[in-house]
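Here's the structure, in structure tokens; my notes come after.
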């Protein structure tokens, strides 16, 4: 029926009003101010302490401040208990810009981001990421991306976790694109567990391509770790399928 078709379309592309666009602009201005402030504070803290692990502390407060500005609350369902002495590769689906702030706000241990290369030249944010345990990948320089992943592996072995979005792009809806093998190679090379994370419904509350957002609550599910240590690149396909199925299991049908 027509009602069923409209409901299905709404599940993938929520309706946005003029007020939603105004809310986005106000939230975005707040986000810019908070990014400048926390990037500066994080940079000073890392210079003073000479400890990159403070990035996770400041990134957590940065994430919470952004969510506050957009009027967004997070409900996190922990299906596992993390070992705070263990490093992990956190692999999450990627629906919109909110995802970065959401994950920064909920993770309780030191981490860095595996960030896309186009974030590096952004004022303040790019500087803060360069000073942090984060690494930049992608872009046209394949050799640099490979070196960046090797650097991320070294940091993981030194005791820092990383957050990665293995789809490689944002979906702006409740779907999951194929996961790239590089994230799994990173976990296998560093010999650490991979933790799948499902961001269930952030797409309902923001779509930066539509310049629109609304206040509300986002649901996050943190799944049990998947052990990929000791696997060669050729042996990773079953693990990719497992993690993909785990993340997709919580997404709306």
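In our numbering, the protein residues as written are 32 to 284. Where is the CB? At the ideal position from N, CA and C, for every residue including glycine.
Could you check which residue in the options has the C-alpha nearest to that of residue i?
i	options	result
residue 246	104, 281, 231	104
residue 119	101, 130, 129, 140	140
residue 82	206, 186, 123	186
residue 280	265, 123, 190, 212	123
residue 130	149, 97, 148	97
residue 349	215, 100, 138, 46	Because the chain here runs from 32 to 284, residue 349 falls outside it and cannot be looked at.
residue 190	270, 73, 232, 117	117
residue 254	182, 265, 230, 268	230
Which value, in whole angstroms, describes the spacing of the CA atoms of residue i and residue j?
i	j	result
residue 44	residue 220	38 Å
residue 168	residue 90	20 Å
residue 275	residue 209	8 Å
residue 135	residue 71	17 Å
residue 207	residue 277	11 Å
residue 146	residue 195	8 Å
residue 143	residue 204	25 Å
residue 77	residue 59	26 Å
residue 74	residue 166	16 Å
residue 133	residue 233	9 Å
residue 256	residue 66	31 Å
Excluding five sequence neighbours on each side, which residues of the same chain lie with their C-beta closer than 6 Å to the C-beta of residue i?
i	result
residue 55	242, 243, 244
residue 23	In the structure as shown, the chain begins at 32 and stops at 284. Residue 23 is therefore absent and cannot be evaluated.
residue 237	127, 129, 244
residue 48	none
residue 61	100
residue 272	none
residue 84	141
Residue i and residue j look like a contact to me (Cβ under 8 Å); what is the Cβ gap, rounded to whole Å?
i	j	result
residue 192	residue 121	6 Å
residue 259	residue 225	6 Å
If we require 3 or more residues per run, which beta strand (DSSP E) segments fall completely within the region 57 to 102?
Segments of the beta strand (DSSP E) lying fully in the region 57 to 102: there are none.
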